[in-house]
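> In the numbering used here, the protein residues as written are 24 to 110. Every residue, glycine too, gets a C-beta built ideally from N, C-alpha and C. For clarity, every value in this text was computed on a predicted model and none was experimentally measured. Next up is a structure, given as structure tokens.
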């Protein structure tokens, strides 16, 4: 028993490519809505897969100095003195 092609779940990436192949001017509101939903679904799955692939200790890393002592000292700027007149 084979299923009709309408009932076979399609890969969201493939379906999105098919819908994006339709020129903008020919897309109905229903097609635009499906494109939006598929883009959200694909992005969510991609984010979920990437977070599972990374070890826990590297998932959230921010570069913050632990204290002000570890920063480079700021350069000091001085106003340039006008030349002294000789006279």
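Using only alpha-carbon positions, find the residue among 39, 99 and 46 that is nearest to residue 63.
Position 40 of the chain shown, counted from the start, is the residue given in the question as residue 63. The shortest C-alpha separation from residue 63 is found at 39.
> Would you mind reading off the limits of the alpha helix (DSSP H) that contains residue 7?
Only positions 24 to 110 of the chain appear in the structure, and residue 7 is not among them; the question remains open.
> Where residue 53 and residue 68 are concerned, what is the direct C-alpha to C-alpha distance, given to the nearest angstrom?
Locating residue 53 in the chain shown gives position 30, where the first residue counts as 1. Locating residue 68 in the chain shown gives position 45, where the first residue counts as 1. One C-alpha to the other measures close to 23 Å.
> Between which two residues does the alpha helix (DSSP H) holding residue 41 run?
Along the chain shown, one-based indexing puts residue 41 at 18. Where residue 41 is concerned, the enclosing alpha helix (DSSP H) stretches over 35 to 43.
> Are the CB atoms of residue 56 and residue 42 nearer to each other than 8 Å?
Translated into the one-based positions of the chain shown, residue 56 becomes position 33. Translated into the one-based positions of the chain shown, residue 42 becomes position 19. In this structure, residue 42 does not lie closer than 8 Å to residue 56 by Cβ.
> Using three-state DSSP, classify residue 48 as helix, strand or coil.
In the chain shown, the residue the question calls residue 48 occupies position 25. Looking at residue 48 - three-state DSSP - the assignment turns out to be helix.
> Can you grab the Cα-Cα spacing for the pair residue 51 / residue 45, in whole Å?
Translated into positions along the chain shown, residue 51 becomes position 28. Translated into positions along the chain shown, residue 45 becomes position 22. Looking at the two C-alpha atoms, the distance is approximately 10 Å.
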